[in-house]
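Trainee:
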Amino acid sequence: MTDRRPKVVGFCCERHGMDAAVLAARSGRQYDASVRVIQVPCSGRVDGLHILKAFEDGADAVFVIGCLEKNCYYDTGSIEGRKRVEYVKGMLAELGIEKERVEMFNAASTNAWAFPEAASKMVEVAKRLGPLDMGGDTR
Amino acid sequence: MSSGRIQVVICRCCTESPKLLDIAKLEAAANDAELVMSVKVVDEICDGKAVVDVAREAAEKEIDRAVVLACHKRDVSPALLKAYRRAGIDRSMVEFVNVREEVVLPHVDDPEGAQKKAETKLKAALGRVTMLVPLLTETEEMRTKNVVIIGAGVAGMAAAEAAARAGAHTVIIEKSSRSVKAPGILMSNTRLVATKGTPGNYELTIMAGEKTEELECAAVVVATGGGWNSLKGPLAKASKDAVPLYKLSEMLQAGHAPKGPVVIVDTPDPTGKSLKVMDFAWDEALMTAIDVKKKHPQTEVFMLFQEMRAFGLSEITYKEAAELGIRFVRYDRTGVPKVDPKDPTKMTVTDLAQGELLSVRLGTLAFAAIPANPDNRDIADALRIPMTAEGGLRRGGIQRWPVATPRPGIFVCGSAVFPKSADAARAEGEAAGSMAAAYASKGTVEYGGSVAQVAQEKCSACLTCIRTCPYEAPYIGTANKVEIRRQLCQGCGICAGICPSKAIELLHYTDDQIQQETRTMLGGDF
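This is the structure we're talking about:
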């Protein structure tokens, strides 16, 4: 398991987040293959539990990407998403895990750079902090 | 949970350009997977022949759910979903995997990682598709074809004409006694008080004069406009020579000489306490000032402002104004313009450039500020639509339509959103009118699909979801537990994410489905 690449999970909202990712791909931007995109209808759908379970299942870093806060398709969705992420950050700090491992990003569907930038930032964080040791029986 | 007969469709067009993935391996992986009854590799899934092939095999092998490895789900031909529907597979049972934009294109330099990722994605999708349940949609008849337009201004009239042209029954509600020639019914002296009902079947309560009436409608267009009805703010009250900017401009057009000196101040409430300003008409203010100076060169013109926003080509206008000898005085909140209470023709202001108290004689006082329509608050409350910080009505996210609000069937246009020129307001009015007519002419509203669902035995009626939902879909039902109004739910899942008791599930994106997908994706070694 020494050469295991960092595993990054990106919860991506179906609206601006996914559109930004698609646009990035179409404009030829590259990011690390270790980023796993999970599509959710809205970043407000992401529950703290989903993020924590992702860590438990072997993720080294998790990010949530949603619409811009003032242009969210579901109005308050990305604000709610950010709140959840902040909450999880607090929980991680209590558990003694670096809270940089989880982050919230916002993108407009026309921002081709937004998704690859978020992805590579989180890959970098995961590489810098190393694999997450959950201590004991991880899956 | 593990039941079903799955068909896997791989589109070469999406997965093979650029050549990166080993399709044969993917096909083998699909063939080896449990419950997979049919694997079709097609050249292009958007090709009609391929669709027919896929659908025929689906019908032959009695497939009930499908995984499609192609591009973004919105880009895949809708013919595929139609063909699947004919073969008895609901659209909610078809899982799209975006191999093109999530695997192939972003990982061109990493074929090995991409291959593993594609295989894992296929595995995750196969896992997910077995957990899907068909989504139910219901339809409700619209009881009327009415389109109600609030406001008979420029935008409102354009909306009414566009809606009437498209065959809707229009009812215009106008609060003043203004009488205009309009298609349909015009109700003057009428105000909107409250709204009930669901999208497509709104029930408006209106006050026509002193009478309260009920009005059913399918769609609403809000065109309340903006700008001054009557001047407000301390400066306007202090001087009897205060006029809105457009009055000054009209006076000049009519050939009257304004009483000099002319002072144009940005807002009648420089401390910003009592008046919210949507925008400043700086262009118009500069033009009017130039007009004054050109027609009456002897008249002194002052422009008092905190922040002059004359950008783009207005810069030239600004330069011209300065060359004509219009005096620009910048002030800030520490030295706002004041009218002397003893002598209402004297105004004092601290000039920031000089740092000195400047005293100006007042002939005519005009304001560049455009305030929001004060009725917007009542309208927004009645229709349950959001407002901007400046007091305008807010549009929904830009991925909805440009004139749409977050509530289906309610449209906004013109200066109700933010100040616009008459042309822009007319264009927006037409857009909103035709959108509303199109909405009303459907005759039925479809709802359901991927909506929230409450497990009432888990609900502790804590009201968290009711406070959080942007669309007011959850409510406390008869059993003192939360229920969801399916007509209002838009399927964002914010309530499902925030519910502390985990009582709410968003169909199609349940906790199980999301966690299962995450786990499978993390299981892959790439």
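First to last, the sequence lines map onto chains V and S. Quick note: the first sequence, position 129, residue 129 per the numbering used here, numbers continuous. Quick note: the second sequence, position 220, residue 220 per the numbering used here, numbers continuous. We put the CB at the ideal spot given by N, CA and C, even for glycine.
What is the DSSP secondary structure of V/L68, counted as helix, strand or coil?
Mentor: It is coil, neither helix nor strand.
Trainee: Can you look up S/E483 in the DSSP assignment and give me helix, strand or coil?
Mentor: Residue state, collapsed to three classes: strand.
Trainee: Identify which residue in S/C46, S/D22, S/G184, S/R56 has its Cα closest to the Cα of S/S38.
Mentor: That would be S/R56, whose Cα lies nearest to the Cα of S/S38.
Trainee: State yes or no: is the beta carbon of S/G491 nearer than 8 angstroms to at least one beta carbon in chain V?
Mentor: At least one chain V Cβ lies under 8 angstroms of S/G491.
Trainee: Note down, in chain order, each residue of its chain lying with its Cβ closer than 7 angstroms to the Cβ of S/G562, except the 5 sequence neighbours on either side.
Mentor: Because residue 562 of chain S is not part of the residues shown, which for chain S are 1 to 526, the question remains open.
Trainee: Using a Cβ-Cβ cutoff of less than 6 angstroms, which residues in the same chain neighbour V/V64 once the five nearest sequence positions on both sides are dropped?
Mentor: The residues are F11, S43, V46, G81, V85, M104.
Trainee: Taking 8 angstroms as the limit between beta carbons, can you name the residues of its chain near V/R139, skipping five residues before and five after?
Mentor: Annotation note: pLDDT 47 at V/R139 (below 50); position unreliable, coordinate value reported separately. Same-chain partners within the cutoff: E56, D57, G58.
Trainee: Can you tell which of S/D525, S/V67, S/A496 has the C-alpha that lies nearest to the C-alpha of V/P41?
Mentor: The option with the nearest alpha carbon to V/P41 is S/A496.
Trainee: CB-CB under 6 angstroms to S/V301, same chain, minus the five flanking residues each way: which ones, in chain order?
Mentor: Here the set comprises V262, A289, V292, K293, I326.
Trainee: Between S/V76 and S/K40, which are expected to be in contact by the criterion C-beta below 8 angstroms, what is the C-beta distance as a whole number of angstroms?
Mentor: Actually they do not touch by this definition, with Cβ atoms about 14 angstroms apart.
Trainee: Less than 6 angstroms between C-beta atoms, sequence neighbours within five positions excluded: which residues of the same chain meet that for V/R15?
Mentor: So the list reads C67, Y73, once near-sequence residues are dropped.
Trainee: For a contact meaning CB atoms closer than 8 angstroms, what does V/I65 contact in chain S?
Mentor: Ordered by position in chain S, no residue passes the 8 angstroms Cβ test against V/I65, which lies about 13 angstroms from the chain.
Trainee: So S/I264 and S/M303 are supposed to be a Cβ contact under 8 angstroms. How far apart are they, rounded?
Mentor: Right, their Cβ atoms sit about 5 angstroms apart.
Trainee: Nearest to S/I504 by alpha carbon, out of S/R394, S/V148, S/S176, S/C465?
Mentor: Cα-wise, what sits closest to S/I504 is S/C465.
Trainee: Mapping the DSSP letters down to three states, classify V/S120 as helix, strand or coil.
Mentor: The answer is helix: DSSP assigns V/S120 an H, G or I state.
Trainee: Taking 8 angstroms as the CB-CB cut-off, is S/M521 touching chain V?
Mentor: It does; some Cβ of chain V falls within 8 angstroms.
Trainee: Which residue marks the beginning of the beta strand (DSSP E) containing S/N98, and which one marks its end?
Mentor: 94-98 is the extent of the beta strand (DSSP E) around S/N98.
Trainee: Going residue by residue through the segment 403-459 of chain S, where are the continuous alpha helix (DSSP H) segments of at least 4 residues, counting only ones entirely within it?
Mentor: Qualifying alpha helix (DSSP H) stretches, in chain order: 422-441.
Trainee: Going along chain V in order, which residues have a C-beta closer than 9 angstroms to the C-beta of S/R400?
Mentor: Ordered by position in chain V, the residues that pass the 9 angstroms Cβ test against S/R400 are Y73.
Trainee: Below 8 angstroms, how does it come out for the segment 54-71 of chain S and the segment 142-153 of chain S: are there three or more Cβ pairs, yes or no?
Mentor: Touching, no, given that fewer than three Cβ pairs across the two stretches are closer than 8 angstroms.
Trainee: Under 8 angstroms, with one C-beta from each stretch per pair, do the segment 197-217 of chain S and the segment 419-432 of chain S reach the 3-pair mark?
Mentor: These segments do not touch.
Trainee: Should the segment 150-165 of chain S be regarded as contacting the segment 131-139 of chain S, the criterion being three or more beta carbon pairs within less than 8 angstroms?
Mentor: Touching, no.
Trainee: What residues from chain V crowd round S/L105, counting only those whose CB sits closer than 8 angstroms?
Mentor: What S/L105 touches in chain V: A25, R26, G28.
Trainee: Distance cutoff 8 angstroms, beta carbons only. Does V/R5 sit that close to anything in chain S?
Mentor: Yes, its Cβ sits closer than 8 angstroms to a Cβ of chain S.
Trainee: Find the residues of chain C that neighbour S/L506, judging by a C-beta separation of less than 8 angstroms, and give them in chain order.
Mentor: The structure shown contains no chain C; its protein chains are V and S.
Trainee: For a cutoff of 8 angstroms on Cβ pairs, would you count S/F418 as touching chain V?
Mentor: No, its Cβ sits nowhere closer than 8 angstroms to a Cβ of chain V.
Trainee: Take the Cβ of V/T2 as the centre, count every other Cβ of all protein chains shown within 10 Å, and call the residue buried at 16 or more, exposed below.
Mentor: Only weak support exists for where V/T2 lies, its pLDDT of 45 falling under 50; the coordinates are left without a value.
Trainee: Please name the residue, chosen from S/A168, S/P183, S/M187, that lies closest to S/K175 on a Cα-to-Cα basis.
Mentor: For S/K175, the nearest C-alpha among the options comes from S/M187.
Trainee: Using 8 angstroms as the threshold, is the C-beta distance between S/M278 and S/G167 below it?
Mentor: Not in contact: S/M278 and S/G167 (Cβ atoms no closer than 8 angstroms).
Trainee: Helix, strand or coil for S/Y246 per DSSP?
Mentor: In this structure, S/Y246 counts as helix in the three-state DSSP scheme.
Trainee: In angstroms, rounded to a whole number, what distance separates the CA positions of S/C492 and S/I484?
Mentor: Looking at the two C-alpha atoms, the distance is approximately 13 angstroms.
Trainee: Within 8 angstroms (strictly less), CB to CB, does V/I38 reach chain S?
Mentor: Chain S contact via Cβ: present.
Trainee: Leaving out five residues before and five after V/A21 in sequence, what residues of the same chain have Cβ atoms less than 7 angstroms from its Cβ?
Mentor: For V/A21, where only same-chain residues beyond five positions count, the Cβ hits under 7 angstroms are C12, V37, F115.
Trainee: Identify the contact partners of S/Q515 in chain V, using a Cβ-Cβ distance below 9 angstroms as the criterion.
Mentor: Going along chain V in sequence order, the residues near S/Q515 (Cβ under 9 angstroms) are L49, H50, K53, A54, D57.
Trainee: For the putative contact between S/F526 and V/A126, defined by C-beta atoms under 8 angstroms, what is the C-beta separation to the nearest angstrom?
Mentor: In fact, because the Cβ distance is near 14 angstroms, the residues do not count as touching under 8 angstroms.
Trainee: Can you find at least 3 beta carbon pairs, one from the segment 244-254 of chain S and one from the segment 343-363 of chain S, that sit closer than 8 angstroms?
Mentor: Touching, no, given that fewer than three Cβ pairs across the two stretches are closer than 8 angstroms.
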